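Have a look at this one:
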């Protein structure tokens, strides 16, 4: 079945540091890939997505590139802020509409 | 604004009672919706697929008699937690896809926090 493996957390960074959260996936067919962010006590917010190989999703300074050859969709940001502290979920979606999530990575950014 | 709306956002119920959570698609019709559950500090796990006009499809290990799903219209799916117990306390969230295919945007509701006391 489909699965998503995320870099284990928690991740603690200083403000303005570079962020990478690794994500790899296993899926049948050609899934779309997503990154979601969840702030404490809140629901999911779509951060970015990519629907086919070599697509790059970007939003709010975050980027991720759909790499079919390595089945990866790593999340990056060049300079994190305290307000980026949250839990980040990598997910995939197939034609069936179901989403498969990674375990989530907690990011804490310290001033 | 929200494309998929859930209600209530927070609910506290007594053990043994039932509680209903609604998931509505706004401005679009959703023949299929999905219900997920998230335990504290864990990931989201698919519970069931809600199909308009037919029975829901439950994932392995999810009790269909405990988690009743009704998708009576193209814009509304409900999840009823029956005879709730403290271990049912969790974050429940629904999603719906605008259109079909893996490339379509999936919208998640705001989620519902259930606490059973």
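Protein chains in written order, with this note's numbering: chain S, 3 to 113; chain P, 185 to 301. Every residue, glycine too, gets a C-beta built ideally from N, C-alpha and C. Every value quoted in this text rests on a predicted model; they were computed, and no experiment measured them.
So what's residue i in DSSP terms, helix, strand or just coil?
i                      : result
residue 84 of chain S  : helix
residue 65 of chain S  : strand
residue 271 of chain P : helix
residue 282 of chain P : coil
residue 2 of chain S   : The structure shown has nothing for residue 2 of chain S, since chain S only spans 3 to 113.
residue 91 of chain S  : strand
residue 24 of chain S  : coil
residue 225 of chain P : coil
residue 244 of chain P : coil
residue 76 of chain S  : coil
residue 52 of chain S  : strand
Rounded to whole angstroms, what is the Cα-Cα separation between residue i and residue j?
i                      : j                      : result
residue 103 of chain S : residue 82 of chain S  : 23 Å
residue 54 of chain S  : residue 48 of chain S  : 17 Å
residue 270 of chain P : residue 197 of chain P : 9 Å
residue 231 of chain P : residue 43 of chain S  : 21 Å
residue 300 of chain P : residue 195 of chain P : 8 Å
residue 259 of chain P : residue 246 of chain P : 24 Å
residue 62 of chain S  : residue 17 of chain S  : 15 Å
residue 64 of chain S  : residue 50 of chain S  : 8 Å
residue 9 of chain S   : residue 87 of chain S  : 16 Å
Just list the residues that DSSP pairs residue i with in beta bridges.
i                      : result
residue 187 of chain P : Bridge partners of residue 187 of chain P: none, in fact.
residue 217 of chain P : P:234, P:280
residue 96 of chain S  : DSSP output for residue 96 of chain S lists no bridge partner at all.
Are the Cβ atoms of residue i and residue j separated by less than 8 Å?
i                      : j                      : result
residue 101 of chain S : residue 253 of chain P : no
residue 205 of chain P : residue 46 of chain S  : no
residue 33 of chain S  : residue 108 of chain S : no
residue 6 of chain S   : residue 93 of chain S  : yes
residue 274 of chain P : residue 202 of chain P : no
residue 279 of chain P : residue 217 of chain P : yes
residue 75 of chain S  : residue 227 of chain P : no
Give me the Cβ distance between residue i and residue j, rounded to the nearest whole Å; I'm assuming they're in contact under 8 Å.
i                     : j                     : result
residue 56 of chain S : residue 68 of chain S : 6 Å
residue 78 of chain S : residue 22 of chain S : 5 Å
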